[in-house]
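Here is the structure we will look at, set down as structure tokens.
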Amino acid sequence: MHGLKPVARAILLLFTAAQACACGDDGTHDHGRRAASPVPLSPPTRPLQWGDINILHTTDTHGWLLGHQKKSFPEPNYSGDLGDFASFVSHMKQSAIDRDADLLLVDTGDLHDGTGLSDGFPPGGIDGHDSNQFLAQVPYDVMAIGNHELYIYAHALDMHTNFAPQLKGRYLTSNVNITVADKQGNPVSIPLGNRFAKFKTRKGRRVTAFGVLFNFTGNDKNTTVQQVSDMVNEKWFHDAIQDEPDFFLVTGHMPVQRDDFPLVFNAIRAVHSSTPIVILGGHSHIRDCVQLDGRSMALESGRYMETIGWMSMDLDRRGSNKDLKFSRRYLDANRVTYEFHSRKRSSKFNTPLGKRITNGLLDLAKRFDLDFVFGTAPQDYVINQAPYPSNQSLLSLYAEQVVPVALSVNNTRSSIPSYFVTNSGSQRFDVFAGPFTKNDQIVASPFTNKFLFISNVTLSSATSVLPILNSQGELRRSVDDLDRREKELYAKGNIDIRFRQWLQAMDKRMGEEKRAAGNLTLGYVTHDSCPGVGDDIPHAPLPFFSFPDFIASGVPSVTSDTPIDLIFVDFIQDQLLNVLNSVQKDRVFSADDVQVYSPLLTNQVNFNLNLKFATFHGDVCVLLLSYGDNMVFVGKPRTYEKLERVAREEFSLAESTAVIFETSTLDICRQQKVRISKGAYGAMWHCLDALYVAVKPTEKSSAEVQVTNLPVASSSHDVELPASSPAPVDDEIPSENDDDDDNDDAEEEETEQPAPPRNRRAAANRVMSTPPPEHGDANEEIPQEEDEDEGEGGPPSDSPSTEEPANEVHEQEKEPSTRAISEPVHEENNEEEDAAEEEEEEAGANASAPVHDADVIDEQQETPESPRRPVARQESLDDQEWAEARASSIISPPTSAPRAPLAQTASIPGSPTRSAEALTPSNSEVILPPSRASASSSIRRSIKSPRPAAPPVIAAHIYPPGSQASESSSRTVTPTYEPPHSQHLHITITYEDQSVEFKTRGRHTIKKVLTSACGQFGLDPRR
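So this is what it looks like as structure tokens:
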């Protein structure tokens, strides 16, 4: 990591937005108002072949219940969600009735671990609990357990207690037990679901069904997986197969080839030599089919709601030994496919159940905040479809750029050369061009491994570890050892090797030629062991490139004998220590030499890297400088000279102290063609991202600037930070042209009103008297790091206190304070107007107001002197000044609660929580200054993010005079949009049953909006 250029890191737009991007309730990701497919799709050309018995099959859904919504192929092939599928099932069941046939719906396990719907639950939740409730609404006839239901006992218990009973005896776990307490409190091992099921189809055909799991060894304690070979010898199994049904249905979470289905098949055949047997498998994530004899068929139907398996079978008279007629088909899971095979037009396709499931899943995604946008990926980053290393490889990006930069943030060892090694399996799924959301992060990098390191390892020894890990000497090269290693991984649930082998074989079959033809979209091209063509839609196969088991960062530019930090993930600790001791003999390394390198976990890396650089809002670049315990926002940093001037002034740096900007902060902005001067304010506050630059002294009495983190407001809600997050308020530093800096200073002195004292502790003391917010959303889990005497952030009184306890003043001396700067003004503003605005803002600097609710921002407290109207300031102002003050409160950045631990500034509800050590060298807290926006407004202000390509929208809430700001007394706004590329802002202000709409494109016009609205409502804008 040593020597990495931050400017180069700014190119990593995968986790940093290069433009203003926001994803609201109807964002471009999975969980907004969804279209049938992100791109047009070709329909199938062949109808399905129906038989007496027909089966729809899903497996390994892993939480992908809202489908795949990215625009890069093959993702659009799989864009159908669970609601679409439920509608499809309803239509197909009706078709079965019309055809006088039977249709069964079967799933073969692995409902957990895959997307934010299953894994994005808030703290204290259970993986898959909420998402599984929607699967339970789909009319499955049989479901079988998967290994991902057993990694954690709490998840298994939830399946046993809450999910299995909903299947009414059809959730099958033939060889899986769970240990629970009986009525007397004694532990007892019982089937997690049901061992088998016997039932009749709608047509009266008798079925005996089993649900078998492969020989899984990675299950949690208090769960038991019996070997399949032992299960078939159990008395209950022999009793279950004695009676001959019309057909056996053997479901199971194991591949249909190269596993133990033949053991079950042969045990049945030993008793019933000709009874039809249907086998439905899973686990290896591939499309596959095989027939063990002429009266059976085994089908496996892919993964991730990408494939819907179809099987049909015609029955004959009992006792016949003739081969049965089977068919199978692999359906791409999208609405075009569903509508074609159900023979329903789009307008007639949705069923009430389907719509209810889709809407419920969208609500769940919103509740888990899965649309929260971290940044924008400028291109696809893939695992198998691009060579490693390459610019398109996600593994290259992750190991060589993402992790080294993320780990350098606020790390006291970042100046020491280092070398990072990890396993390539750390990344689970591709990242596609477009918004990179919380859900994408969970999908791509879900694992919660720690970053460890060993110090004082020579560079030559550290770099020798990687090739040996990947080869493990000559022993790993033998076929027997490779096979043994694969079996060990497979028994623990790892199927990556088999899945990649399948993709590689697919690509070898004229993959390059088919892609070059250009007449087919990318997708799966299946060659299985059953007759006929299995794929419902023809595709060109995905390109495939192999990659090593282990990957590493770039080699630092130091000599081979230089001691460095060898960084790795805890998952490979034992293996790495063995190899490290084999490549050098100077020292024997052990677990005692291993230390934690960063408090970050592997699933938090992307999040932190995104916040390392600026997310540019329109044409505005926002920075945050910090020095020791003090901070200041800089909204218009035209030059390094101006940044240095602000730093020296705010932090009282001596002229002899050098200020060194190690990161090319302004160059990052300029690389993205961002104007650093005054910019159009409208696009600025879609999200509240910023570049956070920390200034700290060095041993040479200089000051350095380095990048750390700043929280982002969730774009799926009103733009507001958690109660603990620092946010800009209205205090603007002018950013006129560089050559006018001296004149600017003179103008500031002439127009300046009494301002807050430069003593930052005094400002902090005033803020400390503000009561804490009340969290209005029960779903927002915001970890609190409380002082024992102070609770969440201040005294619990309802009104500000004017006195401070003596011990509290001592505590505040350890706290940083922030001074924030409002949004940059439009280019049309002249310098006199800037100075006038600064005069107004400075005049109200000492006024503060408590925040009464986490959802109410910039709310003015009523005073005893004027119970029916807030008093913002004592000076007399004309109507125009009041209008400008009002308008500035609408468009200013959101403020937040005082005295918030900095660890919480990164705490987005439902997102990975980072500790204070991950954010500041001093592990200190943030004290916000008095809210100047709240000093001039009795309006609840919320800025909502528009759809991509739509103009920014500003929305305001007006409260009745004299009423306390609350959800019940507010009047909700309804923002409207113009078509994409419009530069106008639409503002709708609603008061009680009245509303007024405005359309504008300049700040000066917006300043008149509030006054006009209040006039139409018969309200005094000064009240």
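In mature numbering (1 follows the signal peptide of the UniProt record, and there is no 0), the protein residues as written are -22 to -1, 1 to 1001. Where is the CB? At the ideal position from N, CA and C, for every residue including glycine. Computed from a prediction, not measured in an experiment: that's the story for all the values here.
Comparing C-alpha positions only, which one of the options sits nearest to residue i?
i                 : options                           : result
serine 86         : Leu578, Pro233 and Pro16          : The identity of residue 86 in the sequence shown is threonine, whereas the question assumes serine. Nearest option by C-alpha distance: Pro233.
histidine 90      : Tyr118, Ser152 and Ile130         : Ile130
glycine 259       : Asn125, Ala218 and Ser320         : Asn125
tryptophan 42     : Phe51, Leu95 and Lys71            : Leu95
isoleucine 33     : Asp474, Asp292 and Leu60          : Asp292
lysine 303        : Tyr118, Gly61 and Arg295          : Arg295
proline 541       : Pro21, Asn434 and Gly196          : Asn434
threonine 36      : Ser279, His69 and Thr580          : Ser279
asparagine 328    : Ser973, Phe66, Phe51 and Leu19    : Phe66
phenylalanine 51  : His517, Asn559 and Gln582         : His517
aspartate 271     : Asp97, Asp301 and Arg265          : Asp301
asparagine 140    : Ser320, Asp105 and Pro382         : Asp105
glycine 338       : Phe429, Ile246, Arg323 and Gln115 : Gln115
proline 223       : Asp310, Gln162, Arg247 and Leu467 : Arg247
phenylalanine 215 : Arg265, Gly147, Arg173 and Val387 : Arg173
leucine 227       : Ser109, Val381, Pro534 and Ile31  : Ile31
Quick one: grab the DSSP three-state call for residue i.
i                 : result
serine 560        : helix
glutamine 112     : Looking at the sequence itself, residue 112 is phenylalanine, so the reference to glutamine does not match. Helix at phenylalanine 112.
asparagine 312    : coil
leucine 34        : strand
alanine 139       : For clarity, residue 139 is threonine in the given sequence; the question names alanine instead. Three-state result, threonine 139: helix.
tyrosine 118      : coil
valine 268        : strand
threonine 436     : strand
glycine 338       : helix
phenylalanine 318 : helix
lysine 428        : strand
alanine 494       : helix
serine 912        : Only weak support exists for where serine 912 lies, its pLDDT of 31 falling under 50; the coordinates are left without a value.
threonine 157     : strand
aspartate 221     : coil
Below 6 Å CB to CB, which residues in the same chain sit around residue i once its five sequence neighbours on both sides are set aside?
i              : result
glutamine 357  : Ala411
leucine 170    : His138, Thr151, Val154 and Ile156
isoleucine 394 : Asp543
alanine 569    : none
In angstroms with no decimal places, state the Cα-to-Cα distance between residue i and residue j.
i              : j                 : result
histidine 231  : glutamine 47      : 27 Å
glutamate 127  : leucine 554       : 30 Å
isoleucine 473 : proline 577       : 30 Å
alanine 469    : threonine 253     : 31 Å
arginine 493   : proline 101       : 45 Å
glutamine 551  : glycine 353       : 32 Å
isoleucine 529 : glutamate 284     : 29 Å
tyrosine 575   : isoleucine 545    : 7 Å
serine 262     : phenylalanine 477 : 6 Å
glutamate 317  : aspartate 513     : 17 Å
threonine 400  : tyrosine 56       : 31 Å
alanine 175    : aspartate 506     : 30 Å
leucine 481    : glutamine 363     : 10 Å
asparagine 389 : serine 449        : 32 Å
isoleucine 760 : glutamine 573     : With a pLDDT of 33 at isoleucine 760, under the threshold of 50, the modelled position of this residue cannot be trusted; read the value that follows with caution. When rounded, the distance between both Cα atoms is 29 Å.
serine 392     : alanine 384       : 10 Å
serine 298     : serine 251        : 10 Å
Looking at chain B, is there any beta carbon in it that lies within less than 7 Å of the beta carbon of residue i?
i              : result
methionine 488 : Absent here is chain B; the protein component of the structure consists of one chain.
In chain order, what residues of the same chain lie with their CB nearer than 8 Å to the CB of residue i, ignoring the 5 residues before and after it?
i             : result
serine 207    : Asp238 and Leu241
arginine 77   : Trp28
threonine 195 : Val203, Ala469 and Lys470
threonine 537 : Leu437
Sorted by chain position, which residues of the same chain lie with C-beta nearer than 7 Å to residue i's C-beta, five sequence neighbours on each side aside?
i              : result
isoleucine 361 : Leu372, Leu373, Gln405 and Asp408
isoleucine 420 : Thr93, Gly94, Asp97 and Gly98
Q. Can you list, in chain order, the stretches of the alpha helix (DSSP H) that have 4 or more residues and sit fully within the stretch 364 to 402?
A. As far as the stretch 364 to 402 is concerned, its whole alpha helix (DSSP H) runs of at least 4 residues are 381 to 386.
Q) For the stretch 49 to 106, which segments carrying the alpha helix (DSSP H) assignment without a break, of at least 4 residues, lie completely within its bounds, in sequence order? A) Counting only runs of 4 or more, we get 60 to 77 and 94 to 97.
(Q) If we require 4 or more residues per run, which alpha helix (DSSP H) segments fall completely within the stretch 182 to 248? (A) Fully enclosed alpha helix (DSSP H) runs of 4 or longer: 206 to 209, 213 to 218 and 239 to 247.
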